[in-house]
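Colleague: Quick note on our numbering: the sequence shown kicks off at 88 and runs consecutively. Glycine included, every Cβ here is placed at the ideal spot set by N, Cα and C. My structure is below; once you've seen it, I'll send some questions.
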Amino acid sequence: MSADKPARNKIVPPCPICGKPAVEQYKPFCSSRCADVDLHRWLTGAYAIPVTEDDDEDGEEPSLAPKPPEGR
């Protein structure tokens, strides 16, 4: 087998949008449509990581000002 020919039994991962085999031109997608669907999801925030905000016990925002020194 020569080095310039691609291996024929190489496993092609499926398209992450529809599950069809990926096409070299649009990798990792199978078509420009699936690539556009993925781009739309990124641009609209569908792939955002959910975050929970920790509230302070009294419900107030913590002050960013330095604390005054305690009395001597």
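What's the call for Cys-105, buried or exposed, on a 16-neighbour Cβ count within 10 Å?
Modeller: Exposed, since its Cβ has fewer than 16 Cβ neighbours within 10 Å.
Colleague: In angstroms, rounded to a whole number, what distance separates the CA positions of Lys-97 and Trp-129?
Modeller: So the alpha carbons of these two residues sit roughly 30 angstroms apart.
Colleague: Out of curiosity, what's the CA-to-CA distance linking Lys-154 and Cys-121?
Modeller: Going from the Cα of Lys-154 to the Cα of Cys-121 covers about 54 angstroms.
Colleague: Taking the C-alpha atoms as reference points, what is the distance between Asp-123 and Leu-151?
Modeller: So the alpha carbons of these two residues sit roughly 43 angstroms apart.
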